[in-house]
Amino acid sequence: MAKDKNATFTDVSEDDLKSLMEIFKSLSLTISSFISSEFKLKFLLSYTEHECKQFQDISFKEDPAVYNELKWFSKPALLYADRSFISRLANRILGGDGVAETTENPDSWFFSEECVATEFVDLILDYLKTHNQLIKFEKSVKDVEYLHIYYPEDVLLSVNFKIEFDGEEGGSMGILMGESVLKEYIKVPEESSISEEGSDSSNADTTTKE
-19 MAKDKNATFT DVSEDDLKSL MEIFKSLSLT ISSFISSEFK LKFLLSYTEH ECKQFQDISF
41 KEDPAVYNEL KWFSKPALLY ADRSFISRLA NRILGGDGVA ETTENPDSWF FSEECVATEF
101 VDLILDYLKT HNQLIKFEKS VKDVEYLHIY YPEDVLLSVN FKIEFDGEEG GSMGILMGES
161 VLKEYIKVPE ESSISEEGSD SSNADTTTKE
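Everything in the sequence shown is counted per the numbering used here, starting at -19 for the first residue and increasing by one.
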């Protein structure tokens, strides 16, 4: 199938995404602050951009990475991060100089890397849950081709982040989600608003009767 360079969502506009992008920007600052202060290192996670693409048009780096399948409002989503920054973070936590370690087999990770990767995902999910995001971890793999959650022509929101160590480039992170997730995200504040209006109306009726 031919690639679509002008992929768009049917029922989600750029305005609908503004509050979600604010959450991601806040996420970047919160995670950066926690890791920097907790482990006494200069770590920076920065939201850089978001774009709408078909899954087949999304290029994943050839460098080793971890790919985490998520369920976001019961819909599939993907969180991925470079091994390089996870390795450097694990090395620094263990008292090293923050040097990325390597293995001959890219699918074979050190135990310390596995632990850091798991904790990093937990930090991300815990933060999103504080913003009323119904999200949970499903599974983690080292090759994105092991996951089958999207068709090539599926239109996705691709959210990109960059990572810096001591002011130098240290890797990247990305989040992918489909329109079904975004529509559920948009519904939450709407339903909350309707609920509040109903509560206000009920209170007004009670006051009138009194």
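Beta carbons: idealized from backbone N, C-alpha and C, even for Gly.
| Asked | Found |
| --- | --- |
| Continuous alpha helix (DSSP H) stretch holding Val96: start and end | Phe91 to Lys109 |
| Cutoff 7 Å; reference Phe23; Cβ partners in own chain excluding five residues on either side | Ser12, Ile15, Ser16 and Phe145 |
| Helix, strand or coil at Lys116 according to DSSP, with G and I counted as helix | strand |
| Boundaries (first-last residue) of the alpha helix (DSSP H) holding Lys64 | Per the sequence presented here, residue 64 reads as Ser, with Lys not at that position. Run containing Ser64: Arg63 to Ile73, per the alpha helix (DSSP H) assignment. |
| Proximity below 8 Å, CB of Glu164 to CB of Lys55 | yes |
| C-beta contact flag for Ile66 and Glu93 at 8 Å | yes |
| Any C-beta of chain B under 8 Å from that of Tyr60 | In the structure shown, chain B cannot be found, because there is only a single protein chain. |
| Limits of the alpha helix (DSSP H) - the one that Lys5 falls within | Lys(-2) to Phe19 |
| His128 versus Ser120 - alpha carbon distance | 12 Å |
| Endpoints, beta strand (DSSP E) assigned at Gln34 | Phe23 to Gln34 |
| Inter-residue CB distance, Ile159 and Gln34 (contact presumed, cutoff 8 Å) | Correcting the residue identity first, residue 159 is Glu in this sequence and not Ile. Not confirmed; about 12 Å, so no contact. |
| Where Ser152 falls: helix, strand or coil (DSSP) | strand |
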